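Residue numbers (our numbering): 319 to 680.
In structure tokens:
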């Protein structure tokens with residue numbers, strides 16, 4: 319039996335931060351559904367060590383998080399249906415999609431040699447020290463990927479298999495974006511273009527993290543192609559703004575606020591938008607120093623090197639250029655959003671959410 323999303327209409331009017339209250343409502347429902355996905359009777363007797371690993375993976379997956387992707391699924395569905403009624407299967411589909419996101423985070427953390435995620439240790443550090451922990455986390459990620467597909471396909475939503483196939487196609491492009499992100503770290507800054515950084519942002523983040531959840535929800539709600547295309551445009555722009563803000567957090571952020579290392583992009587020599595924007599604006603001497611800093615071995619990237627890297631990116635306008643790009647992408651998303659319907663204030667909530675994401679610090 320379908321149930322209304324509690325107080326959506328009330329949340330969208332009169333509250334100081336309606337998008338925050340709405341996200342909290344969605345988070346509670348999705349996290350309850352997410353916890354259920356870890357209830358696997360057929361695995362209980364496999365081995366005590368596997369059971370303990372599942373406990374750790376569950377704790378990792380259920381850490382406090384924004385749950386943006388499930389929220390966007392519900393928003394897309396609400397816009398398509400013209401109301402706030404949420405079929406039970408939609409919660410399960412959205413939780414499956416969030417579990418697939420968790421799988422990607424686990425593999426991403428291994429590739430980036432990360433230490434923190436959502437304010438706690440990454441899964442590969444939870445499972446075992448060193449390389450064995452990384453190997454175990456990759457396997458656990460594979461398990462969660464399979465479980466996420468099960469959840470989406472067994473949700474009972476009309477057209478779930480078609481929508482899951484669409485989402486998996488987007489995930490293939492995500493893999494291409496992640497590959498380019500890692501591979502470009504081996505290329506001199508002089509050979510990386512701003513266009514390439516934007517392509518990585520689109521493939522790695524915008525399509526899978528924003529376009530696809532909105533479109534998936536709309537497809538499950540029976541949206542016509544016009545609405546799907548409109549949501550794709552919104553997602554493309556807000557996803558770009560989100561990733562560019564992430565690039566700033568990854569170099570200038572506060573670890574205690576972001577919940578992950580604020581030097582991670584520098585340590586991994588990521589060729590992000592603010593870095594490349596600074597490089598193309600720099601003097602020959604500045605370019606040489608930026609090139610040298612980003613080419614340093616990890617063991618030599620100390621606090622002094624990080625401070626100098628931040629200073630150079632700031633001085634040559636990379637940070638300001640990225641801030642302007644975030645603003646342009648956010649405004650483009652909000653313009654595209656205005657062409658969409660606004661049932662029960664759902665469009666207004668999305669508009670407030672876009673503004674919130676553009677200013678985020680974590």
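Even glycine gets a Cβ: it sits at the ideal position worked out from N, Cα and C.
As the structure is a computational prediction, the values presented were derived from the model and not from experiment.
The segment 467–486 touching the segment 408–415, judged by at least three CB pairs closer than 8 Å: In short, these stretches touch, since the Cβ pair count reaches three.
Residue 583, buried or exposed, once every other Cβ within 10 Å from all chains shown has been counted against 16: The residue you call residue 583 lines up with position 265 of the chain shown. So residue 583 counts as buried.
Local conformation of residue 376 per DSSP, three classes: The residue given as residue 376 occupies position 58 in the chain shown. Residue 376 falls in the helix class under three-state DSSP.
Status (buried if at least 16 other CB within 10 Å, exposed otherwise) for residue 730: An answer regarding residue 730 cannot be provided, because it is not within the stretch 319 to 680 covered by the chain.
Cβ-Cβ separation, residue 498 to residue 371 (assumed contact under 8 Å), whole Å: Start at 1 with the first residue of the chain shown, and residue 371 comes out as number 53. Start at 1 with the first residue of the chain shown, and residue 498 comes out as number 180. Contact between residue 371 and residue 498 is absent: CB atoms are separated by about 31 Å, not below the 8 Å threshold.
Residue 555 - containing alpha helix (DSSP H), residue span: For the purposes of this step, residue 555 is taken as residue 237 along the chain shown, with counting starting at 1. Element bounds for residue 555: 543–570.
Which residues DSSP lists as bridging residue 367, in chain order: Position 49 of the chain shown, counted from the start, is the residue given in the question as residue 367. DSSP, once it has assigned bridges, lists no residue as partnering residue 367.
Spatial distance of residue 557 from residue 488 (CA atoms): The residue you call residue 557 lines up with position 239 of the chain shown. The residue you call residue 488 lines up with position 170 of the chain shown. One Cα belongs to residue 557, the other to residue 488, and the distance between them is close to 14 Å.
Three or more C-beta pairs below 8 Å linking the segment 435–445 and the segment 364–382: Yes: at least three Cβ pairs fall under 8 Å.
8 Å Cβ cutoff met for residue 591 and residue 628: Against the chain shown, residue 591 aligns to sequence position 273. Against the chain shown, residue 628 aligns to sequence position 310. Result no, Cβ atoms of residue 591 and residue 628 do not sit closer than 8 Å.
Reduced DSSP category for residue 658 - H, G, I as helix; E, B as strand; rest coil: The residue you call residue 658 lines up with position 340 of the chain shown. Residue state, collapsed to three classes: coil.
Cβ-Cβ separation, residue 554 to residue 595 (assumed contact under 8 Å), whole Å: Here residue 595 corresponds to residue number 277 of the chain shown, with the count starting at 1. Here residue 554 corresponds to residue number 236 of the chain shown, with the count starting at 1. About 20 Å; that fails the 8 Å criterion.
Proximal residues to residue 609 (C-beta, below 6 Å), its chain only, five neighbours per side dropped: Along the chain shown, read from residue 1 onward, the residue named residue 609 stands at position 291. The residues are 507.
8 Å Cβ cutoff met for residue 581 and residue 624: Residue 581 sits at position 263 when you count from the first residue of the chain shown. Residue 624 sits at position 306 when you count from the first residue of the chain shown. Yes, the pair counts as a contact, with Cβ atoms nearer than the cut-off.
Residue range of the alpha helix (DSSP H) that includes residue 499: In the chain shown, the residue the question calls residue 499 occupies position 181. Run containing residue 499: 478–501, per the alpha helix (DSSP H) assignment.
Helix, strand or coil at residue 510 according to DSSP, with G and I counted as helix: On the chain shown, position 192 is the one that residue 510 refers to. Of the three classes helix, strand and coil, the one that applies to residue 510 here is coil, per DSSP.
Same chain only: Cβ atoms within 7 Å of residue 337, ignoring 5 sequence neighbours per side: Taking the first residue of the chain shown as position 1, residue 337 is located at position 19. The residues are 667, 670, 671 and 674.
Nonlocal neighbours in the same chain, by C-beta distance under 6 Å from residue 599, ignoring five residues either side: On the chain shown, residue 599 is found 281 positions in, with the first residue counted as 1. Once the five neighbours on either side are set aside, the close Cβ partners of residue 599 are 634 and 635.
Counted within 10 angstroms of its Cβ, other Cβ atoms place residue 622 as buried (16 or more) or exposed: Taking the chain shown and counting its residues from 1, one reaches residue 622 at position 304. In the assembly as shown, residue 622 is an exposed residue. Its beta-carbon has fewer than 16 other beta-carbons within 10 Å.
The segment 394–409 contacting the segment 545–554, beta-carbon criterion three pairs below 8 Å: The segment 394–409, when compared against the segment 545–554, does touch it at the 8 Å Cβ threshold.
Outcome for residue 496 when other beta-carbon atoms lying within 10 angstroms are tallied against a minimum of 16: One-based indexing of the chain shown puts residue 496 at position 178. So residue 496 counts as buried.
Stretch pair the segment 381–391 + the segment 422–431: three plus CB contacts closer than 8 Å: By the Cβ rule, the segment 381–391 does not count as touching the segment 422–431, because fewer than three pairs are nearer than 8 Å.
Integer Cβ distance of residue 401 from residue 662, believed to fall under 8 Å: In the chain shown, the residue the question calls residue 401 occupies position 83. In the chain shown, the residue the question calls residue 662 occupies position 344. Contact holds; Cβ gap of about 6 Å.
Buried or exposed by the 16-neighbour rule on C-beta atoms within 10 Å, applied to residue 388: Position 70 of the chain shown holds residue 388. Buried, since its Cβ has 16 or more Cβ neighbours within 10 Å.
Assumed close pair residue 535, residue 390 - CB separation to whole angstroms, cut-off 8 Å: Taking the chain shown and counting its residues from 1, one reaches residue 535 at position 217. Taking the chain shown and counting its residues from 1, one reaches residue 390 at position 72. Indeed they touch by this definition, with Cβ atoms about 7 Å apart.
Nearest-angstrom Cβ-Cβ length linking residue 648 and residue 679, presumed shorter than 8 Å: Working through the chain shown from its first residue, we reach residue 648 at position 330. Working through the chain shown from its first residue, we reach residue 679 at position 361. That belief does not hold up - the Cβ atoms of residue 648 and residue 679 are roughly 15 Å apart, past 8 Å.
Collapsed DSSP secondary structure at residue 328 in the structure displayed: Within the chain shown, numbered from 1, the residue matching residue 328 stands at position 10. With a pLDDT of 48 at residue 328, under the threshold of 50, the modelled position of that residue is not reliable, and the figure given next carries that caveat. Three-state result, residue 328: helix.
Closest residue to residue 515 among 650, 589, 612 and 385 (Cα-Cα distance): Position 197 of the chain shown, counting from 1, holds the residue named residue 515. With distances taken between Cα atoms, residue 515 lies closest to 589.
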